[in-house]
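Trainee: First the structure, which I've put down as structure tokens, then a few questions once you've had a look.
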Amino acid sequence: MIRALLSHDLPRSKPLALLLAACFLGLLLAPFVFPGTQALNVAAKVLVFILLVASYDLLLGYTGIVSFAHTMFVGIGAYGIAIASTRLGPDWASLAIGFAAALALSAALALAMGLASLRVKAIFFAMITLAVASAFMTLCSQLSELTGGEDGLNFQLPEALRPSTEFLEEPLLGVAIDGRLLSYYLLFAAVTALILLLLRIVNSPFGRVLQAIRENEFRAEAIGYRPVVYRTGANVIAALLACCGGALLALWLRYTGPETAMSMEIMLDLLLIVVIGGMGTVYGAVVGSVLFIVAQNYLQALLKAAGGLVEGVPVLSTLVSPDRWLLWLGLLFVLAVYHFPGGIVGRLRLAAWARGRKGRP
Amino acid sequence: MLLALPLTGSPSTWLNLTLAGIAMGLIIFVIASGLTLVFGLMDVLNFGHGVFIALGAFMATTVLAALAPWATSPDVLANLAALAAACAAGMAIAAAVGLVFERVLVRPVYGQHLKQILITMGGMIIGEELIKATWGAQLIPLPLPDALRGIFLLGDVAVEKFRVLAMLIGIVVLIALLLVLNRTKLGLLIRAGVQDREMVEALGYRIRRLFVGVFVAGSALAGLGGVLWGLVQQGVTPQIGGQVNLLLFIVIIIGGLGSTVGCLVGALLVGLVANYAGFLAPKAALFSNIGLMVAILLWRPQGLYPVGAK
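Residue numbers (our numbering), protein chains in the order written: chain A, -15 to 345; chain B, 15 to 324.
In structure tokens, the structure reads:
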């Protein structure tokens, strides 16, 4: 049963399996185990990032192309929900319309970008996505009538998802059963389903062809697979998933703005998480996102503590200040690319594989 | 160029915009030439090129602040000396950091495109953070030396003095680059390396050294361009590198990756189109460069001057 759900792509390492189970259970029970708004917000952010990172991994890890437009699709999804809710009123039908429109726009854009640039060279794609994404972001902050400009859009959700909606009179296990909780489990269910779908995709014949093209484009083409078709396909799927992620993000935050949905920082975070978690493994997205988002929320506090220790030391104290946490992440990132190209998941699998070989005569 | 003449209305406006566009294009060319050479010769796409731009610009703020008496004196020569010192310092620090960057970050990943993008991106993050740690995250104003403010009037065409200077510097760099590339043995080796790396190695030349030299020279040019760019913008933020990087990518894609002439044409086109569009339809100006790139790629997917044998 679990084998089939995971599309026969098992963790293949005991520590990894435990880690994944811990992540899954932790997120499933987050509202009950870690009470408080702050913790629930972190958990929801983790969920959204799992989906975003996993879909980005489809491009970077499985297909071997670098895109900088992933957050653009996140933005499309988020704005789709936001604009439909503000224009058409807060009900399910308008959410559906906004979501469908966002999906359609994402697919069309991804298709156009892929066909225009993936034909030539993978490196073109990286540069073109960077250019298009920044143009799109400027567009969003300029069209202030539609998107609210730099301020973004605040909007209302359908009745059932509002925090003020109480389903039970009494709190269950000390947690109020309200619209917020329902939103969280909506996110949880959607992300779980989409991750399983993604596992299905990467382990399908289509996914195998993607990996073949990544390993040796010339050979794959010689066998009769057209790289541009498969790469564009992967690009469209990744864009659609990113769009879903953006929609979920908007549902959770009840706000969409250029900074929260499509800033370059989110793009960098995605890149960092994919590499640190492990490229070409959907599980890396899960483990990486949990570690990264939790670290991001607590690393600054840690740096503040460290800053207190080295206070007075001239150079070190500026380097350890909480504002410079991205510096340390950048260093970690470079080291990860050099020394752990497989990331956390690759490392664990390698260890398990080496142990398995030792046990055999 | 001429196409825009009837659109702008009067010949003097047109000439004005064209000169401004050429000046901007030449500055972009100074920055982008290093990037395109590094890509052509070493097959390394440096996403961290922006760091050198920012470094140059920040160094200029420090030098000009230190030489404030020179920069604000009414004497033109003292002003120019201050500016020259700023340019030299910007180039020197960018070259030094470029040397380290090549040695530490880029060298271990020759020949692996995906890792290059990731590593140079990481270098960009680290560099930007270090710049913030050194100079602070705020915008630092970078005023022009006194003698370079104001305009020359030629008939009814007004030309900013600084743009003339930037244009002159750009032309000098262009001529120097073309002379080195086309008239010297070094240039011959570099061009040969762009065409066919292995053959140059087989003939007994150490292409590694050439790589380092080109990378450092490219970084120094980026530093120089950063100084000029900062002066045009009249201020420097740590994000300046990332912003200019985008423009650079558009330029070298238009020109054809690795081609010097293509880079020049691309830079001039981008500068001109940005200026015309900024005058005709300010809102559309934000997208004019992207539009230009898409149009050219639809026409010639490899860029204007594709480099063969890759």
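Every residue, glycine too, gets a C-beta built ideally from N, C-alpha and C.
To the nearest whole angstrom, what separates the beta carbons of A:ARG215 and A:LEU102, a pair I think is in contact under 8 Å?
Mentor: Rounded, the Cβ-Cβ distance is 5 Å, consistent with contact.
Trainee: Look at B:LEU235 and B:GLY276 and say whether their C-beta atoms are less than 8 Å apart.
Mentor: No, the pair does not count as a contact, with Cβ atoms beyond the cut-off.
Trainee: Measuring CB to CB, does A:LEU183 end up less than 8 Å from A:VAL266?
Mentor: Yes, the pair counts as a contact, with Cβ atoms nearer than the cut-off.
Trainee: Return the first residue and the last residue of the alpha helix (DSSP H) that A:PRO242 is part of.
Mentor: A:PRO242 -> alpha helix (DSSP H) spans 242 to 246.
Trainee: Quick check: is the beta carbon of B:ALA323 nearer than 8 Å to any beta carbon in chain A?
Mentor: Its pLDDT being 39, under 50, B:ALA323 is placed unreliably by the model, and the measurement read from it follows with that caveat. Not an interface residue.
Trainee: Show which residues of chain B have a CB atom less than 8 Å away from the CB atom of A:VAL50.
Mentor: What A:VAL50 touches in chain B: LEU128, ILE131 and LEU132.
Trainee: Using the beta-carbon count (16 or more within 10 Å), is A:ALA(-12) buried or exposed?
Mentor: Under this definition A:ALA(-12) is an exposed residue.
Trainee: According to the neighbour-count rule (16 or more other Cβ atoms, all chains shown, within 10 Å of its Cβ), is A:TYR282 buried or exposed?
Mentor: Exposed, because fewer than 16 other Cβ atoms sit within 10 Å of the Cβ of A:TYR282.
Trainee: With DSSP run on the structure shown, which of helix, strand or coil describes A:TYR63?
Mentor: Looking at A:TYR63 - three-state DSSP - the assignment turns out to be helix.
Trainee: By the three-class DSSP mapping on this structure, what secondary structure does B:PHE166 have?
Mentor: Strand.
Trainee: For the pair the segment 133 to 150 of chain A and the segment 63 to 70 of chain A, tell me if three or more CB-CB distances fall below 8 Å.
Mentor: Touching, yes, given that three or more Cβ pairs across the two stretches are closer than 8 Å.
Trainee: Does A:LEU235 come out as helix, strand or coil in the three-state DSSP assignment?
Mentor: A:LEU235: helix per DSSP, three-state reduction.
Trainee: In chain B, what lies closer than 9 Å to A:LEU114 by C-beta?
Mentor: Result: PHE61, ASN259, LEU260 and PHE263.
Trainee: What is the C-beta distance between A:ALA114 and B:PHE53, in whole angstroms, given that I count them as a contact (C-beta under 8 Å)?
Mentor: Looking at the sequence provided, one finds Leu at residue 114 of chain A rather than Ala. The pair is not a contact, with the Cβ atoms about 15 Å apart (cut-off 8 Å).
Trainee: I'd like the ranges of any alpha helix (DSSP H) spanning at least 4 consecutive residues and lying wholly in the segment 130 to 202 of chain A.
Mentor: Runs found: 163 to 186 and 189 to 199.
Trainee: Assuming A:ASP(-7) is part of the alpha helix (DSSP H), what are its boundary residues?
Mentor: Unbroken run through A:ASP(-7): none, as it is neither H nor E.
Trainee: Look at the Cβ atom of A:VAL58, then the Cβ atom of A:ALA245, and state whether they are nearer than 8 Å.
Mentor: A contact, by the Cβ cut-off of 8 Å.
Trainee: Taking only runs that begin and end inside the segment 78 to 146 of chain B, name each unbroken alpha helix (DSSP H) of 4 or more residues, in chain order.
Mentor: Counting whole runs of 4 or more residues, the segment 78 to 146 of chain B contains the alpha helix (DSSP H) stretches 82 to 86 and 90 to 115.
Trainee: Which residue from A:ARG164, A:LEU235 and A:ALA66 puts its Cα closest to that of A:LEU130?
Mentor: Cα-wise, what sits closest to A:LEU130 is A:ALA66.
Trainee: According to the neighbour-count rule (16 or more other Cβ atoms, all chains shown, within 10 Å of its Cβ), is B:ARG223 buried or exposed?
Mentor: The residue is exposed, with fewer than 16 neighbouring Cβ atoms inside 10 Å.
Trainee: Is A:GLY314 close to chain B, meaning its C-beta is less than 8 Å from at least one C-beta of that chain?
Mentor: Answer yes: the Cβ-Cβ gap between A:GLY314 and chain B drops below 8 Å somewhere.
Trainee: Which complete alpha helix (DSSP H) runs does the segment 256 to 298 of chain B hold, if anything under 4 residues is left out?
Mentor: Those alpha helix (DSSP H) runs which fall completely within the segment 256 to 298 of chain B and span 4+ residues are 274 to 294.
Trainee: So A:PHE151 packs on A:ASP162, CB below 8 Å; how close in whole Å?
Mentor: Contact flag correct, Cβ pair sits at about 7 Å.
Trainee: Which residue comes first and which comes last in the alpha helix (DSSP H) that contains A:TYR322?
Mentor: 309 to 323 is the span of the alpha helix (DSSP H), which, as asked, contains A:TYR322.
Trainee: For the alpha helix (DSSP H) that contains B:ASN196, what are its first and last residues?
Mentor: Taken as a continuous stretch (DSSP letters only), the alpha helix (DSSP H) holding B:ASN196 covers 175 to 197.
Trainee: Answer yes or no: does any C-beta atom of chain B fall closer than 8 Å to that of A:SER118?
Mentor: Interface residue, yes.
Trainee: For A:GLY48, name the three-state secondary structure that DSSP assigns.
Mentor: The answer is coil: DSSP assigns A:GLY48 none of H, G, I, E or B.
Trainee: Only counting the same chain, and skipping five residues up and downstream in sequence, which positions put a Cβ closer than 6 Å to that of A:GLY264?
Mentor: Within the same chain, A:GLY264 has close Cβ partners GLY45 and TYR46.
Trainee: Check the Cβ of A:VAL213 against every Cβ in chain B and list those closer than 9 Å, keeping chain order.
Mentor: Within chain B, no residue comes near A:VAL213; the closest Cβ sits about 17 Å away, beyond 9 Å.
Trainee: Could you check what DSSP says for B:PRO155 in three-state terms: helix, strand or coil?
Mentor: B:PRO155: strand per DSSP, three-state reduction.
Trainee: So that I know if they touch, is there some Cβ in chain A lying closer than 8 Å to that of B:ALA96?
Mentor: Not one chain A Cβ lies under 8 Å of B:ALA96.
Trainee: Please compile the residues from chain A whose C-beta is within a distance smaller than 8 Å of the C-beta of B:PHE301.
Mentor: Under the 8 Å cutoff, chain A gives ALA119, THR122 and LEU123.
Trainee: Should A:PHE18 be labelled buried (16 or more other beta-carbon atoms within 10 Å of its own) or exposed?
Mentor: Looking at its Cβ environment, which holds fewer than 16 other Cβ atoms inside 10 Å, A:PHE18 is exposed.
Trainee: How many Å lie between B:LEU192 and B:GLY104 at the Cα?
Mentor: So the two alpha carbons sit approximately 22 Å from each other.
Trainee: Mind pulling the chain A residues with CB within less than 7 Å of B:PRO296?
Mentor: Going along chain A, no residue has its Cβ under 7 Å from B:PRO296, so there is no contact; the nearest lies around 11 Å.
Trainee: How would you write the range of the alpha helix (DSSP H) that A:VAL30 sits in, first residue to last?
Mentor: That run of the alpha helix (DSSP H) goes 21 to 41.
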